[in-house]
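Everything on this sheet refers to the single structure shown next.
There are 2 protein chains.
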Amino acid sequence: MDARAKDLRIEQLRHLCRQHGLVLTPQRRAILQAVLEADDHPTAERVQAALARRRLRVSRATVFRTLESFARLGVITKACHPGSSVRYDRRTDRHHHLVCLRCERVIDIQDARLDALPVPDTRRLGFVVSDFKVQLRGICRECREQEDKT
Amino acid sequence: MDARAKDLRIEQLRHLCRQHGLVLTPQRRAILQAVLEADDHPTAERVQAALARRRLRVSRATVFRTLESFARLGVITKACHPGSSVRYDRRTDRHHHLVCLRCERVIDIQDARLDALPVPDTRRLGFVVSDFKVQLRGICRECREQEDKT
DNA sequence: TTAAGTGCAAAAGCTTTGCGGGTAG
DNA sequence: CTACCCGCAAAGCTTTTGCACTTAA
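First to last, the protein sequences are chains A and B. Residue 23 in the working numbering is what sits at position 23 of the first sequence, and the numbering runs on without skipping anything. To convert, count from 1 in the second sequence and add 150; that's the working numbering.
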C-alpha cells in the first residue's frame, strides 16, 4: 500500500475516532499502520510482532482491544477463514479471497465478474446483506510444491 | 437431515476409513452423527455437548482429533467464519453462506445463480481452485431485532 | 493379537477482563 | 480536570500433545 493511501486511512481513522469519542493515541495509529502494511490478513499476534520489529512495544491486550474496535468502526474488516484465531483484513473495499485448505493462507484477488454477481434476495430470512465476498478454495502454490516433494 | 441421507454418510465414512487404514470406532460414528444433526456449523465444544445430551461421553481430545481428520478425509468441511474457534460444516456439496457480522452466525443458502459463478483463472498464481463459496455478509434477523430494542 | 484409538491431564496458544496509574484534550 | 486509555497480570477459552490403557478388526 502506498504512502498516500496510508495517509488517507489514518485520516479516516482520525475522523472516526472524533466521531465516536475515541482518542487517536500513538498505539492506535501504529496498530493501524501495521495492519495497512500487512498483506497476509494477520492475527493480533502477528500485528504485535510487526510492531516489535519496529521497536514499538504495545501490550497484547491493547492490540486485541484495538483491532476489535477498528473492525467495529469499519476502518478494517475481519477476514473469514477456516482456522482458529481471528484474522484482520486491511481492505474494506469489495474483493475476493483464495483460501488454501492446507495452510489456511488467505490471498486477495480482484475480479470484476465476481463483483457483479447476482445477490439473492434474503429478505424472507430477515437477513440484511451489506456486502459479499467470494471464496475460492483450493491449494496454494507453496503447498502443492511441498506435496510434490513427498 | 433425513435418516436415509445420514446412513449414506456413515457408509461413506466406513469406506473412507477402510481406504485410509482408519478404524471406524463408535466414537467416530457418534461424532459424525452429531455433526450431521447440527445445522449451525458447530465448534468442537458444541459437538461434544450434543454428544453429552445423548449421554455419550467422548473426551475433548478425541472430538478435536476426529473432527480434524474428518475434514482431511473430506467427510465434512471446515466453515470459514470471522471468529476465533474452528467451526465445521456437515455439508460437502456446493452451497453458500450468510455470515452475520454481529453474532458471527453462519446460515446456509442455496442459489443456482451463485452456483453458476464464472470462476476466475488463478493459474498464474499457482493456486488450484477445487471449489468456491459465496459469503453474503450482513446482519441477521435476531441481531437486528436486538438492535431495535436499544 | 496388535496396531490404532481413546481418555486423561498437562501444556500451549488465543482472547478477555479488572484494575491502578498515566495521559490526551 | 476528567474521561479515556494503556500496561500488566490473571483468568478464561480453545486446541494440541504425550503417554498409559483399551479395543476394533
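Here a beta-carbon is modelled for each residue, glycine too, at the ideal position from N, C-alpha and C.
For residue i, which option in the options has the closest C-alpha, if you only look at C-alpha atoms?
i, options, result
"A/Ala34", "A/Ala50, A/Ala71 and A/Cys100", "A/Ala50"
"B/Asp118", "B/Ile259, B/Pro268 and B/Ile181", "With chain B represented from 151 up to 300, any question about residue 118 of chain B goes unanswered, as that position is not in the structure."
"B/Cys230", "A/Phe132, A/Thr25 and A/Val99", "A/Val99"
"A/His41", "A/Val106, A/Leu101, A/Gly83 and A/Gly126", "A/Val106"
"B/Val306", "B/Gln296, B/Arg240, B/Gly233 and B/Ala211", "Summary: the structure shown does not reach residue 306 of chain B, with chain B confined to residues 151 through 300, and so no result is reported for it."
"B/Arg282", "A/Val58, A/Ala30 and A/His96", "Note that residue 282 of chain B is Phe in the sequence shown here, rather than Arg. Looking at the Cα atoms, A/His96 is the closest of the given residues."
"B/Thr212", "B/Arg154, B/Arg179 and B/Asp152", "B/Arg179"
"B/Leu286", "A/Glu142, A/Leu136, A/Phe127 and A/Arg137", "A/Phe127"
"A/Ala71", "A/Pro120, A/Ala44 and A/Asp111", "A/Ala44"
"A/Glu142", "A/Arg54, A/His15, A/Cys103 and A/Arg60", "A/Cys103"
"A/Arg123", "B/Asp265, B/Arg274, B/Ile289 and B/Ser280", "B/Ile289"
"A/Val129", "B/Leu264, B/Leu251 and B/Val269", "B/Leu251"
"A/Cys17", "A/Leu114, A/Arg54, A/Ser69 and A/Val119", "A/Ser69"
"A/Gln27", "A/Leu114, A/Lys6 and A/Leu56", "A/Leu56"
"A/Val119", "B/Pro270, B/Val269, B/Asp265 and B/Asp271", "B/Asp265"
"A/Lys6", "A/Leu22, A/Val23 and A/Ala38", "A/Ala38"
"B/Val284", "B/Leu275, B/Asp261, B/Glu297 and B/Gln296", "B/Asp261"
Pull up the distance between the alpha-carbon of residue i and that of residue j, whole angstroms please.
i, j, result
"A/Leu117", "A/Thr77", "21 Å"
"B/Phe214", "B/Thr175", "15 Å"
"B/Arg304", "B/Leu223", "Residue 304 of chain B cannot be examined here, being either before or after the span of chain B that is shown, 151 to 300."
"A/Thr66", "A/Ile31", "8 Å"
"A/Val47", "B/Arg196", "30 Å"
"B/Arg210", "A/Gly83", "18 Å"
"B/Arg237", "A/Arg14", "36 Å"
"B/Gln162", "B/Leu186", "13 Å"
"A/Ala3", "B/Arg263", "40 Å"
"B/Leu275", "A/Ser85", "25 Å"
"B/Leu172", "B/Arg204", "25 Å"
"A/Glu145", "B/Asp271", "19 Å"
"B/Val208", "A/Val58", "41 Å"
"A/Ala52", "A/Gln19", "30 Å"
Strictly by DSSP, which residues pair up with residue i?
i, result
"B/Val284", "A/Val134"
"A/Ile139", "B/Val278"
"A/Thr43", "A/Arg87"
Could you check if residue i belongs to the surroundings of the ligand NAD, using beta carbon to heavy atom distance under 8 Å?
i, result
"A/Leu101", "Judged by which ligands are present, the structure shown has none, so any question about the ligand NAD falls away."
Could you tell me which whole alpha helix (DSSP H) segments of length 4 or greater appear in the segment 61-132 of chain A? 112-115
Report the residues of the segment 265-293 of chain B with a CB closer than 9 Å to any CB of chain A, ordered along the chain. Residues of the segment 265-293 of chain B with a Cβ closer than 9 Å to any Cβ of chain A, in chain order: Leu267, Pro268, Val269, Pro270, Thr272, Leu275, Gly276, Phe277, Val278, Val279, Ser280, Asp281, Phe282, Lys283, Val284, Gln285, Leu286, Arg287, Gly288, Ile289, Cys290, Arg291 and Glu292.
At a CB distance below 9 Å, what residues from the segment 226-249 of chain B approach chain A? Give them in sequence order. Thr227, Lys228, Ala229, Cys230, His231, Pro232, Gly233, Ser234, Ser235, Val236, Arg237, His246, His247, Leu248 and Val249
Check distances from the C-beta atoms of the segment 50-75 of chain A to those of chain B and list, in chain order, the residues that come in under 7 Å. none
Could you run through the segment 162-181 of chain B and flag, in chain order, every residue whose CB is less than 7 Å away from some CB of chain A? Listed by position along the chain: nothing, the set is empty.
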